[in-house]
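Notes follow the structure.
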Amino acid sequence: MLAVIARKEFLEMTRDGRFRWAAVVTALLLAAALTAGAVSWRAQRALQAQAAGQMREFWLNQGPRNPHSAAHYGLWAFKPKLTLAYLDQGVDPYTGVAAWLEAHKQNEFRFRPAADASAVQRLGDWTAAGILQVLVPLLIIVAGFGAFATEREQGTLRQLASLGVPARALVLGKVLGVGGALGLVLGPAAVLGAITLALAAGGPALVADLPRLALLAAVYLGYFLVVAAATLAVSARARTARAALVVLLLGWASTTLVMPRLAAGLARRAHPTPSAFAFAQAVSADLTGGVDGHSPGEDIERLKAETLRKYDVATVEALPVNFDAIAMQQGEEHGNAVFDRQFGRLYDTYRAQARVHALAGLVAPVLPVRALSMAIAGTDVEQHRAFATAAERYRRMLVKAMNEDMAANSRTGDFSYRAPPALWASIPSFAYEAPPLGEALAGAGTAFAVFTAWLVAAGLGLAAIRRLDVA
Amino acid sequence: MSVPTAPAPSPSAGPARGAPSREGILVADRLTKRYGDVTALDALSFAVGAGEVYALLGANGAGKTTAINCFLGFIAPTSGTARVDGVGVEQDPVATKRRLAYIPETVMLYRHLTGLENLEYFATLGTGRAFAEGELLEHLARAGLAADAARRPVGGYSKGMRQKVGIAIALAKDARALLLDEPTSGLDPKASNEFSALLAMLRERGCAILMATHDLFRAKESATRVGIMRHGVCRAELATADIGHADLERIYLEHMTD
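As given, the protein sequences belong to chains A and B, one line each in that order.
Every position in the first sequence, counted from 1, becomes a number in this note's numbering once 588 is added.
Every position in the second sequence, counted from 1, becomes a number in this note's numbering once 101 is added.
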C-alpha cells in the first residue's frame, strides 16, 4: 500500500509544473554551487600549498641570521581545508584561514573573505550547504503543501477515506512520495557532488572522506524528513491548500531566514564578544606588568638576579649564556600565559554563543543542522580553535627554539650573533591534522542533541496523524 | 429494536456473492444523528438487499447525504447503527469500506494522472491487490470509457467520464454495495441514461445500491424502492414497480409540504 501511495505522489508531483520548475531551479543552483565550490576549494588548496612551500623555502634559505630576528621574521600558517569544506565553508570566511606566526604575539587570523565581501557578493556566495539548508526546504514545501489540503479541497481525500485507507499509510506513503520526487533533484546532485569531490581531491580522498560524507548526507536527509513531516502535518490540518502554503512559507522564512539572525543576536547579547580594538587593548593591558624581554624593569632585575645566582657569577657579562635571550624567552612565557587566558576567554565566549545557537535550534531545525554540517565539514568554530591552538603551539616552539639557540650560542649584549642555516632546518614544517570525526561531533554535542529531538518530534508528529478530516 | 429486512431480490437480480445476508447488505437501524439541537437523522431504518437499488429522495438538508456518510464512517451516528454485509461500520470501519464503493456527485480524481492510473490507484488501495493493465482497461471499458480516453489525464475529463471511472472503481473492487450521492446531478440526459445502464449492470451483478438523489425521474427508472425523506425522517417507502412517474412526483410533493 505504501509503495502504491508513494508512486502516485511521485507521479503527480513530477507532472506538476510548479514542482518541475522549482526542482529545475534548485538542481541548477545546487550544481553550480557544487562545481564552483569544488573549483574554488581546489584553487585555494593549490594556493595554500604554493604559499606554504614558498614560505618554507624562504625560511630555510634565509642565510645566517640572528635567531631572534628570524623569530620576528616569522611564518605563515595556513589552515588546511578538509575536502568537505567545499560543501560547507562554515565560519572560515569570517575567521580567516591564515595566521601570521611571529615572536611576542599571538596574532588574530587574517584574510577573511567575509570582511571584504560586498552585500551583492554575499548573495552570490551560496554554497551547497546553504542551498540544502534554505532552498531545498522550500522545494519540499512546494512539493508537499497540498499533500492533504489539496486532496481535501478536491474531494479525493474523501474518495480515499471511502476505501478505508488508513491515515498512517497515507502519511507514510506521502512522505515516501515527496522523498522520491526530491530524490530526482538530490540524487543527481549527490552524484555530481561525488564526481566533483573526486576530481577536486582525488579518489583516495573521496574514499577517506566517505564516513564524513555519509554522515553529512544522513544529517541532511534527517533535516529534509523534519521539513517534510512539518509540511505534511500543516497540510493535514489546513482547511485549504492556500492556507497551508501561507503557513508553511511563513514558517520557512521565520525559521531559515529570520531565526538564524535572531539567534546570532541573542547569542551575542547573552555572551558578548569584544570588538577587535577592545580585545587588542585587553591583551595589551594584560601583558603590561609582566616580563618584557626588551625593556628593563623590576621583573628583568629579578630574573637577572636568579640567573646570576644559578650560574654563580656576579655580572651578566660573566654568564656562559646570553641573558638577553633568556629574558626574551621569559617574556614569551608571560605573553603565552596572557594569550592563553585572553584567547581562551574569547573562544569560550564563542563556544557559549554556539550553545545558545544550538538551543535556539529548538525553534528552528536549520540551526542544529548548520552546526552539524560545519562540524562534519571541519569548518566550525571548535575546529577553527583546534587549528589556532596548533598554530600557536608551533609559534611557541619556534620562538623558544630561536631564543634557546641564541642563549646557548651567544653572550649578553651580542646581537651580532648569526645562527647557521642548520638551525632553520631543525625547525619542522608546520603540519596540522584536523580533529577526527568523533571529536568534531563531540564539539557539536548540543546541536546533535537538539537535532535528535527534532527527528523524534518529526516521527511522533507523523505518527500522531491518525485521523484525517475529509471535509 | 426492530431490524428492517430487505425484500427478496427481484428475479432480474443476479445471485448475491459472499455469505448470504438475511437482513440485507446495507442496513440502517434506527440511525440517528444530532448536531446540538438539530436532528439530521431521526431513527432512520431501511435495508437494501443484493441486486436492489434503494433511492433516498428528499430536498437539501433532508438527511440523505448524512445517511450515506454514516455508512462510509465519515460521521459517527448519535445512536443506531449502519451495517454493511452484517458488519457494523463503527465496529470495523476498514472491513465495511472494503465491501463498499462510493460515487459522489462528482467523482474526484487526480487531474495529473490518467483515468487508467486513477483507477489503478483507487482499486489497488481499495482491494489491497495489484491489477494488470488489461484487467483495468476491461473494467473501464465495461464502465463505458474507451482505452484512448483512459490513457488521457483526468484534467480534461467531463463529469460523465469521471462517473465512469467511479463505476470502474466499483467494478474493480467487486463491491458488495454501492453508495451514490447525487450521481446524475449535472449530467446531460445522454450521460444520465448511460449511468442508469451502468447501475443496471451493477444491479445484475448482485450489488446493493443506495442512491441519494433529487432526480425523481432517474430514481423511478433506476431504483427498485424509494424512501422519501424530510427532516431526517423517512416519511414513506415505495416500490417503484408499483407506481408511475406521476404518482411518485405527487407522493413526493405531498411529503414535502406540511
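Note that the Cβ used here is the ideal one computed from N, Cα and C, for glycine as well.
From the options, residue whose alpha carbon lies closest to that of residue i
i: Y155 of chain B; options: B:R331, B:R319, B:T358 and B:M357; result: B:R319
i: A1046 of chain A; options: A:L950, A:L751, A:E921 and A:A963; result: A:L950
i: I593 of chain A; options: B:E218, B:G181, B:I126 and B:L145; result: B:E218
i: N251 of chain B; options: B:Q192, B:V266 and B:N161; result: The sequence given here has Ala at residue 251 of chain B, not Asn. Of the candidates B:Q192, B:V266 and B:N161, the one whose C-alpha sits nearest the C-alpha of A251 of chain B is B:V266.
i: L727 of chain A; options: A:L689, A:G605 and A:A686; result: A:G605
i: S1014 of chain A; options: A:A1022, A:D993, A:R999 and A:D1002; result: A:D993
i: A168 of chain B; options: B:G189, B:E153, B:A151 and B:S146; result: B:S146
i: V773 of chain A; options: A:T738, A:F733, A:H922 and A:W609; result: A:W609
i: L616 of chain A; options: A:R633, A:I719, A:N649 and A:W664; result: A:I719
i: F1036 of chain A; options: A:Y811, A:G641, A:T602 and A:G775; result: A:Y811
i: R933 of chain A; options: A:H859, A:D1002, A:S1004 and A:N997; result: A:H859
i: T182 of chain B; options: B:G216, B:L281 and B:A144; result: B:A144
i: L837 of chain A; options: A:L960, A:A818 and A:R849; result: A:A818
i: K260 of chain B; options: B:E206, B:G245 and B:E236; result: B:E206
i: V926 of chain A; options: A:E980, A:L947, A:A965 and A:S961; result: A:E980
i: M262 of chain B; options: B:I126, B:G235 and B:S293; result: B:S293
Partner residues on chain A for residue i, Cβ-Cβ distance less than 7 angstroms
i: G227 of chain B; result: L751
Partners in chain A for residue i, counting only beta-carbon separations shorter than 9 angstroms
i: R351 of chain B; result: Chain A residues near R351 of chain B: none, gap ~35 angstroms exceeds 9 angstroms.
i: E218 of chain B; result: K596 and L599
Outcome for residue i when other beta-carbon atoms lying within 10 angstroms are tallied against a minimum of 16
i: L711 of chain A; result: Note that L711 of chain A scores 44 on pLDDT, short of 50, meaning its location in the model is unreliable; the coordinates nonetheless yield the value given after this. With fewer than 16 other Cβ atoms within 10 Å, it is exposed.
i: P799 of chain A; result: exposed
i: K75 of chain B; result: Because chain B is modelled from 102 through 359, residue 75 of chain B falls outside the range shown and cannot be assessed.
i: G853 of chain A; result: exposed
i: H945 of chain A; result: buried
i: E889 of chain A; result: exposed
i: D638 of chain A; result: Going by the sequence as given, residue 638 of chain A is Gln instead of Asp. Per the 10 Å Cβ criterion, exposed.
i: Q584 of chain A; result: For chain A, the structure presents residues 589 to 1059; residue 584 of chain A sits outside this window and is missing.
i: G865 of chain A; result: Checking the sequence shown, residue 865 of chain A turns out to be Phe, not Gly. It counts as exposed.
i: Q918 of chain A; result: buried
i: E920 of chain A; result: buried
i: K291 of chain B; result: exposed
i: P792 of chain A; result: exposed
i: V759 of chain A; result: buried
i: F175 of chain B; result: buried
Pairwise C-alpha distance: residue j and residue i
i: Y935 of chain A; j: A873 of chain A; result: 19 angstroms
i: A1052 of chain A; j: C335 of chain B; result: 39 angstroms
i: L622 of chain A; j: G790 of chain A; result: 16 angstroms
i: E600 of chain A; j: Q941 of chain A; result: 44 angstroms
i: I268 of chain B; j: I204 of chain B; result: 8 angstroms
i: L1043 of chain A; j: A913 of chain A; result: 59 angstroms
i: R653 of chain A; j: E645 of chain A; result: 15 angstroms
i: G765 of chain A; j: L820 of chain A; result: 12 angstroms
i: I729 of chain A; j: L618 of chain A; result: 17 angstroms
i: K596 of chain A; j: R230 of chain B; result: 16 angstroms
i: V954 of chain A; j: Q721 of chain A; result: 6 angstroms
i: L845 of chain A; j: V1038 of chain A; result: 19 angstroms
i: T895 of chain A; j: F911 of chain A; result: 8 angstroms
i: D275 of chain B; j: R212 of chain B; result: 25 angstroms
i: L1050 of chain A; j: F223 of chain B; result: 23 angstroms
i: R830 of chain A; j: V814 of chain A; result: 21 angstroms
i: E355 of chain B; j: R746 of chain A; result: 35 angstroms
i: G1026 of chain A; j: R939 of chain A; result: 18 angstroms
i: G771 of chain A; j: V969 of chain A; result: 32 angstroms
i: K134 of chain B; j: H332 of chain B; result: 11 angstroms
Which residues DSSP lists as bridging residue i, in chain order
i: S180 of chain B; result: B:T133
i: L745 of chain A; result: Looking at the DSSP assignment, L745 of chain A forms no beta bridge with any residue, so it has no partner.
i: Y203 of chain B; result: B:L280
i: I310 of chain B; result: B:V154 and B:L279
i: L663 of chain A; result: A:L689
i: G189 of chain B; result: B:R184
i: E234 of chain B; result: Note: E234 of chain B sits in no beta bridge, so no partner.
i: V592 of chain A; result: BP columns for V592 of chain A are empty, so no partner.
i: L226 of chain B; result: Answer is none; L226 of chain B lacks a bridge partner.
Amino acids of chain B, ordered along the chain, whose beta-carbon sits closer than 9 angstroms to that of residue i
i: K762 of chain A; result: Result: empty, since nearest Cβ-Cβ is about 13 angstroms, beyond 9 angstroms.
Within chain B, partners of residue i - CB distance below 8 angstroms
i: R756 of chain A; result: Ordered by position in chain B, no residue passes the 8 angstroms Cβ test against R756 of chain A, which lies about 12 angstroms from the chain.
Chain-ordered neighbours of residue i on chain B, where CB pairs are closer than 7 angstroms
i: D797 of chain A; result: Within 7 angstroms Cβ-Cβ: nothing; D797 of chain A doesn't reach chain B, min ~40 angstroms.
i: E600 of chain A; result: Y211, H213 and L214
i: R603 of chain A; result: H213
i: K669 of chain A; result: In chain order: nothing, as chain B lies at least about 45 angstroms away.
Proximal chain A residues relative to residue i, where beta-carbon distance stays under 8 angstroms
i: P205 of chain B; result: G743, R746 and Q747
i: P178 of chain B; result: What P178 of chain B touches in chain A: nothing, since even the nearest Cβ is about 17 angstroms away.
i: F296 of chain B; result: Within chain A, no residue comes near F296 of chain B; the closest Cβ sits about 18 angstroms away, beyond 8 angstroms.
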